[in-house]
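Have a look at the structure below, then the notes.
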Amino acid sequence: MLLADPSIDPILVLLAALVLDAALGEMSFVFRHVPHPIAALGRLIEWLERRLNRPQRPASTRRFRGVLTVGLVAGLAIVVGLAISRLARAVPLGWAIEVFCVAVLISQRSLYAHVAAVLRGLERGGVEGGRAAVRHIVGRDPESLDGHGVARAAIESLAENFADGVVAPAFWYLVAGLPGILAAKAVNTLDSMIGHMSPRHREYGWAAARLDTAMNFVPARIAGVLIALAAVVTPLAQPSGAFETMRRDARLHRSVNAGWPEAAMAGALGLALAGPRRYGERQVEDPWIGDGRKEATSFDIGRALLLFVFACLVHAIALAVLRLFV
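See below:
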């Protein structure tokens, strides 16, 4: 009889989860029958926001209620993570439960698919096709983007979400197991839904935005280094440009975290990213990251996707090397 293993190896679980995600992606065949945990979190956040974030309330009250929302959602994620973790350690082959849960919360394949859809949209439908695809992965106004803007937006999203959706969940799983990765995904979902600077969410989303920034501080820098290392083996990429652009331009980004993977991507591909852009009615006059071409194309999206694949491989190799010394 197989006995429950009380010492599930987190690095081996994480490596297996990365392989499972790369092979099966979002596993929609499972989530046709049960709600995806991130979708369930989203519905909870929407429900809390409708009831706690009333525009007529004072700013201080809305900020406090936003802190309360973050505590409730992140706390629930931690409790669920603890429960699943205990179950996995109490049953035979519990490691498989943990592998599945971690794979569900990592977004390598789905991120690749969303950005590849922008590439196909540009190539088959021109600017309008690119705009239709890119609206699913960026917050800026797609109608304000020309073809080059669509390509830059897709590449920037790929770089930033490599940090947020791949490296950060893996990092927090290694730090704190299933409670850690679930808390990280909960906070990231909170930030994406309420952490922006719109009048409605400026106060209510204050805590979500700041906690997400804190939790992604280390993973974002790791992601930048992984992209730069991946450039060593990626055709038509420049590792020296990636490292130099990170050193010089990462701090120029409006986000203390997003600048690192975006600068690495810009330098590796010889592009200029970020820069002026529009979010709804708001024009953002940000500096350019990188000193390369601003005229990104669908071909550059393809190069970025190849670099992303190699960055994911370098990530897995780094974890395997870490396992040898732990």
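Numbering (the numbering used here), first residue to last: 27 to 352.
Glycine included, C-beta positions come from ideal geometry on N, C-alpha and C.
Beta-carbon spacing of residue i, residue j below 7 angstroms
| i | j | result |
| --- | --- | --- |
| Glu186 | Leu299 | no |
| Ala233 | Val99 | no |
| Ala290 | Ala254 | yes |
| Tyr199 | Val128 | yes |
| Val96 | Leu208 | no |
| Ala294 | Ala276 | no |
| Ile34 | Glu124 | yes |
| Leu50 | Leu345 | no |
| Val20 | Gln134 | No answer is possible for residue 20: it lies beyond the span of the chain, which begins at 27 and ends at 352. |
| Asn242 | Ala202 | no |
| Ala159 | Val144 | yes |
Nearest-angstrom Cα separation, counted from residue j out to residue i
| i | j | result |
| --- | --- | --- |
| His174 | Leu237 | 33 angstroms |
| Ser20 | Pro84 | Absent from the structure is residue 20, since the part of the chain shown begins at 27 and ends at 352. |
| Leu74 | Val347 | 43 angstroms |
| Val340 | His62 | 28 angstroms |
| Pro81 | Arg69 | 20 angstroms |
| Val56 | Ala235 | 31 angstroms |
| Val106 | Pro287 | 31 angstroms |
| Pro245 | Glu149 | 33 angstroms |
| Val259 | Leu78 | 50 angstroms |
| Ile327 | Ala177 | 6 angstroms |
| Ala256 | Arg329 | 12 angstroms |
| Pro205 | Gln309 | 38 angstroms |
| Ile132 | Lys211 | 9 angstroms |
| Leu28 | Ala116 | Residue confidence is low: Leu28 scores 38 on pLDDT, short of 50, so the model does not pin down where it sits. Its coordinate-derived value is still stated next. Cα to Cα, Leu28 sits roughly 11 angstroms from Ala116. |
| Gly221 | Glu311 | 20 angstroms |
| Glu154 | Ala337 | 30 angstroms |
| Gly120 | Thr239 | 33 angstroms |
| Ala122 | Gly152 | 44 angstroms |
| Val39 | Pro118 | 15 angstroms |
| Gly296 | Ala284 | 18 angstroms |
| Met7 | Phe351 | Here the chain comprises residues numbered 27 to 352, so residue 7 is not present and cannot be evaluated. |
| Gly147 | Ala114 | 42 angstroms |
| Ala196 | Ile110 | 17 angstroms |
| Arg349 | Ile248 | 17 angstroms |
| Leu67 | Lys320 | 37 angstroms |
| Ser218 | Arg58 | 24 angstroms |
| Leu184 | Gly156 | 15 angstroms |
Under the three-state DSSP convention, the category residue i falls into
| i | result |
| --- | --- |
| Ile104 | helix |
| Arg273 | helix |
| Arg280 | coil |
| Gln134 | helix |
| Leu339 | helix |
| Ala300 | strand |
| Ile34 | coil |
| Gly58 | Contrary to the premise, residue 58 reads as Arg rather than Gly in this sequence. It is coil, neither helix nor strand. |
| Val45 | helix |
| Val141 | helix |
| Val352 | coil |
| Val310 | strand |
Option nearest residue i by Cα separation, candidates the options
| i | options | result |
| --- | --- | --- |
| Ala142 | Ala346, Arg115, Phe325, Pro225 | Phe325 |
| Ala65 | Arg77, Glu52, Arg76 | Glu52 |
| Tyr138 | Asp47, His279, Gly165 | Asp47 |
| Gly316 | Phe334, Val340, Arg273, Leu345 | Arg273 |
| Pro225 | Phe57, Ala43, Arg89 | Arg89 |
| Pro313 | Tyr230, Glu321, Arg329, His279 | His279 |
| Gly103 | Trp286, Asp167, Val213 | Note that residue 103 is Ala in the sequence shown here, rather than Gly. When only C-alpha atoms are compared, the closest one is Val213. |
| Gly231 | Thr87, Ala49, Leu40 | Thr87 |
| Thr271 | Pro261, Leu262, Val251 | Val251 |
| Arg303 | Glu72, Phe126, Arg166, Val39 | Arg166 |
| Gly301 | Leu67, Leu171, Val60 | Leu171 |
| Val45 | Arg76, Ala342, Phe351, Arg349 | Ala342 |
| Phe334 | Val352, Arg319, Pro168, Pro261 | Pro261 |
| Ala43 | Arg76, Phe126, Ile248 | Phe126 |
Check: Along the chain, which unbroken stretches of the beta strand (DSSP E) at least 3 residues long are found entirely within the segment 76-122?
Finding: none
Notebook entry, point to check: Fully enclosed by the segment 154-232, which alpha helix (DSSP H) runs are 4 residues long or longer?
Noted result: 173-188, 194-220
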